[in-house]
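Quick note on the numbering used here: the sequence shown kicks off at 1048 and runs consecutively.
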Amino acid sequence: MKKLIALFTAALLLHSCNKTTQKEAIQEAKEYPTAFELGNGNQTATYNEVIKFYKELSTDFSNIELEEIGQTDSGKPLHLISFSKNTIDWNSANEDKIKILINNGIHPGESDGIDATMMLMRDLATGAIDAPENLIFSTIAVYNVGGSLNRNSSTRTNQNGPEEYGFRGNARNYDLNRDFIKADSRNALAFYEVYHKINPDIFIDNHVSNGADYQYTLTHLFTQHNKLGSTTGHYLHTQLQPQLEKRLAARELPITPYVNVHNASPVKGFSQFMDYPRYSTGYTSLWNTLGMMVETHMLKPYKDRVLGTKAIMEEMIHIGSENVDTIKKARKSSFNNFENATHYTLNYSLDKTQADTLDFLGYEAVIGKSDVTGNDLLTYDRSKPFNKKTVYHNYFVATDSISIPDYYVVPQSQWKVIELMRRNNIQLEFLTKDTTLTVSKYRIANYKTATNAYEGHYPHSGIDVKEDVVELRFRESDIIIPTRQPGIRYIIETLEPAGPDSFFKWNYFDTILQQKEGFSSYVFEATARKLLSENKALKREFDSLKKADQKFKENNHLQLNWIHKRSANYEPAHLNYPIYKWNK
1048 MKKLIALFTA
1058 ALLLHSCNKT
1068 TQKEAIQEAK
1078 EYPTAFELGN
1088 GNQTATYNEV
1098 IKFYKELSTD
1108 FSNIELEEIG
1118 QTDSGKPLHL
1128 ISFSKNTIDW
1138 NSANEDKIKI
1148 LINNGIHPGE
1158 SDGIDATMML
1168 MRDLATGAID
1178 APENLIFSTI
1188 AVYNVGGSLN
1198 RNSSTRTNQN
1208 GPEEYGFRGN
1218 ARNYDLNRDF
1228 IKADSRNALA
1238 FYEVYHKINP
1248 DIFIDNHVSN
1258 GADYQYTLTH
1268 LFTQHNKLGS
1278 TTGHYLHTQL
1288 QPQLEKRLAA
1298 RELPITPYVN
1308 VHNASPVKGF
1318 SQFMDYPRYS
1328 TGYTSLWNTL
1338 GMMVETHMLK
1348 PYKDRVLGTK
1358 AIMEEMIHIG
1368 SENVDTIKKA
1378 RKSSFNNFEN
1388 ATHYTLNYSL
1398 DKTQADTLDF
1408 LGYEAVIGKS
1418 DVTGNDLLTY
1428 DRSKPFNKKT
1438 VYHNYFVATD
1448 SISIPDYYVV
1458 PQSQWKVIEL
1468 MRRNNIQLEF
1478 LTKDTTLTVS
1488 KYRIANYKTA
1498 TNAYEGHYPH
1508 SGIDVKEDVV
1518 ELRFRESDII
1528 IPTRQPGIRY
1538 IIETLEPAGP
1548 DSFFKWNYFD
1558 TILQQKEGFS
1568 SYVFEATARK
1578 LLSENKALKR
1588 EFDSLKKADQ
1598 KFKENNHLQL
1608 NWIHKRSANY
1618 EPAHLNYPIY
1628 KWNK
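Given below as structure tokens:
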């Protein structure tokens, strides 16, 4: 009956006005409701419903563009949907536009953003929301396609709705919000294509939180401003975040920073979450994009969470449009500052000497007894809401820095590294002939390896390196990567082994951690004896070690191995990092 009414209405509209085109009449007759709106407020669209909805919008509205980009681990592409009042020329930098990219469904059980963005894109297309002329608003419809297709109603143990939803792991069971740097998934490779196509000024990734209970429906997790650094970090911290909070307060939608606590009351204070480059906003910050994760509260009604997420995006559109010149200048300044810097900070720690104070809307924490375990159990009493001053630690300080070289030299054998550089628009150069270069090389002096698997890896930590200057012969077609380019931060964060999300950390170079050649004690004995007799300094060090270390003294292999590692027989590849720094 509804379809008949729509068709009848369309027919009347076709005859009502000669100035109205057939396409415009059909648009006016359609309502474009989402699955969320057609449901009971506790339902989210399926993957197929999402794609069908956007295909219909793009067919009926010239201001909506739909593209299939790349491929995901599920075998399906990413769908990128973009709105602009004007035709979008993706070959242009679009520097007169505020470019906003939304990522939805990275954790498909956290589906708030999927439904909120469908409604928002529809409202932009139909004119229900008066969109700014300088806006390009883009969204990845569903990033984790495989997880979205793996629909259930039980895996979000802590969450209050919707009734059914997707699964956190993707088609290969990766958590995609740990994959942006290591790029184990095809999803990440497709995201690179989307991100560099748009080069967004603002990036929003829509999520749902876990953890403590409190009054807020909405929390924000902006990329850490000290790590973002430079002009963009200052703008995000002093202007963008306060403006968003103020605009939402005017809509009676209070928002607070992401409550980064577990099994503890937030009233005791909490710190900002550090989003390293494995996370979406950590990755986008490498190109000075203003990034934010929306984290709605898991226990609030689904309808309130969806509408709140939509409100955040609406306000970010207004802020971006009204401050486009400031944002563009801030990003440009940051690019210039990093490209001209001599040193780069890799690691940060929480600065306990300074903090902000929040007027935090929480609930009284209660320590009771668990009926199941008989032990203490933290719960919250919603009959006792409060507004209390709460310490929020959101400042971080640098704990190290590295000297930025003119180039990194990457042997062509490291094809995986080179491929990821290409996919991230990094400018590469080639040696035109075999060449001897004076380079800095790292030797891995110390590291720890996780004992449990984490996202398909056993990551390294506590990485210490020793740096030496050497002359090395490189081959024709080996790669040199100039650092003075827009992707400088990506280059450094991935290639410096001590970085928190470096390729070394993610096991890209584990082959250097294992010796390929060894020795038999009875064969090497004669060589060892000769080395000690010919090298008096080596003999003194050897004898001193035997006196100081009883275990070493009593172990034949330990002693011969120590000598072997100081002989010409020891393989040069072991523990020597195969990426080099070169100052031309």
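All C-beta atoms in this analysis are idealised placements derived from N, C-alpha and C, irrespective of residue type, glycine included. None of these values were measured; they are calculated from a predicted model.
Counting C-beta neighbours from all protein chains within 10 Å, is the total for residue i 16 or more, i.e. buried, or is it exposed?
{"i": "I1527", "result": "buried"}
{"i": "R1203", "result": "buried"}
{"i": "T1304", "result": "The sequence shown places Pro at residue 1304, not Thr. Looking at its Cβ environment, which holds 16 or more other Cβ atoms inside 10 Å, P1304 is buried."}
{"i": "R1576", "result": "exposed"}
{"i": "S1105", "result": "buried"}
{"i": "G1035", "result": "Nothing about residue 1035 can be reported from this structure: the residues present for the chain run from 1048 to 1631 only."}
{"i": "R1429", "result": "exposed"}
{"i": "Q1288", "result": "buried"}
{"i": "S1200", "result": "exposed"}
{"i": "W1553", "result": "buried"}
{"i": "W1334", "result": "buried"}
{"i": "N1310", "result": "exposed"}
{"i": "Q1561", "result": "exposed"}
How is residue i classed by DSSP in three states: helix, strand or coil?
{"i": "S1195", "result": "helix"}
{"i": "K1628", "result": "strand"}
{"i": "H1284", "result": "helix"}
{"i": "A1620", "result": "coil"}
{"i": "Y1242", "result": "helix"}
{"i": "M1165", "result": "helix"}
{"i": "S1200", "result": "coil"}
{"i": "Q1069", "result": "Since pLDDT at Q1069 reaches only 49, below the 50 mark, its modelled position is unreliable, and the value read off the structure follows with that caveat. Q1069: helix per DSSP, three-state reduction."}
{"i": "K1495", "result": "strand"}
{"i": "H1440", "result": "strand"}
{"i": "V1457", "result": "strand"}
{"i": "N1150", "result": "strand"}
{"i": "A1296", "result": "helix"}
{"i": "K1480", "result": "coil"}
{"i": "Y1489", "result": "strand"}
{"i": "D1557", "result": "helix"}
{"i": "D1372", "result": "helix"}
{"i": "H1604", "result": "helix"}
{"i": "L1405", "result": "strand"}
Give the straight-line distance between the Cα atoms of residue i and residue j, rounded to the nearest whole angstrom.
{"i": "T1574", "j": "Y1190", "result": "60 Å"}
{"i": "S1567", "j": "N1630", "result": "42 Å"}
{"i": "V1341", "j": "L1182", "result": "20 Å"}
{"i": "G1088", "j": "P1209", "result": "8 Å"}
{"i": "N1141", "j": "T1530", "result": "25 Å"}
{"i": "E1211", "j": "Q1090", "result": "7 Å"}
{"i": "N1217", "j": "E1112", "result": "26 Å"}
{"i": "K1347", "j": "R1233", "result": "33 Å"}
{"i": "Y1617", "j": "F1571", "result": "12 Å"}
{"i": "A1445", "j": "A1492", "result": "22 Å"}
{"i": "Q1069", "j": "Y1101", "result": "A caution first: Q1069 carries a pLDDT of 49, below 50, which makes its placement in the model too unreliable to give a value."}
{"i": "S1614", "j": "N1608", "result": "10 Å"}
{"i": "A1163", "j": "K1357", "result": "5 Å"}
{"i": "K1146", "j": "F1184", "result": "6 Å"}
{"i": "E1588", "j": "L1579", "result": "10 Å"}
{"i": "Y1079", "j": "E1369", "result": "29 Å"}
{"i": "L1283", "j": "F1599", "result": "56 Å"}
{"i": "L1424", "j": "L1405", "result": "26 Å"}
{"i": "Q1461", "j": "L1585", "result": "36 Å"}
{"i": "G1194", "j": "L1354", "result": "23 Å"}
Does the distance from the C-beta atom of residue i to that of residue j stay below 9 Å?
{"i": "V1192", "j": "G1156", "result": "no"}
{"i": "E1540", "j": "P1247", "result": "no"}
{"i": "T1266", "j": "V1306", "result": "yes"}
{"i": "Y1501", "j": "F1551", "result": "no"}
{"i": "V1486", "j": "Y1627", "result": "yes"}
{"i": "I1364", "j": "P1533", "result": "no"}
{"i": "A1237", "j": "P1313", "result": "no"}
{"i": "T1437", "j": "F1407", "result": "yes"}
{"i": "Y1439", "j": "F1269", "result": "no"}
{"i": "S1448", "j": "H1344", "result": "no"}
{"i": "I1003", "j": "T1186", "result": "The structure shown does not extend to residue 1003, since the chain spans only 1048 to 1631, so no value can be given for it."}
{"i": "Y1330", "j": "I1535", "result": "no"}
{"i": "S1121", "j": "N1224", "result": "no"}
{"i": "F1433", "j": "G1409", "result": "yes"}
{"i": "S1131", "j": "N1110", "result": "yes"}
{"i": "H1611", "j": "I1559", "result": "no"}
{"i": "I1395", "j": "Q1597", "result": "According to the sequence as given, residue 1395 is Tyr; it is not Ile. No, these two residues do not count as a Cβ contact at 9 Å."}
Taking 8 Å as the cut-off, is the beta-carbon of residue i closer than that to any non-hydrogen atom of the ligand MN?
{"i": "N1087", "result": "In terms of ligand content, the structure shown is empty, and the ligand MN therefore cannot be addressed."}
State whether the stretch 1329 to 1346 contacts the stretch 1238 to 1253, with contact taken as three or more CB pairs (one from each stretch) at a distance under 8 Å. yes
Contact between the stretch 1383 to 1390 and the stretch 1450 to 1458 (3+ Cβ pairs under 8 Å): yes
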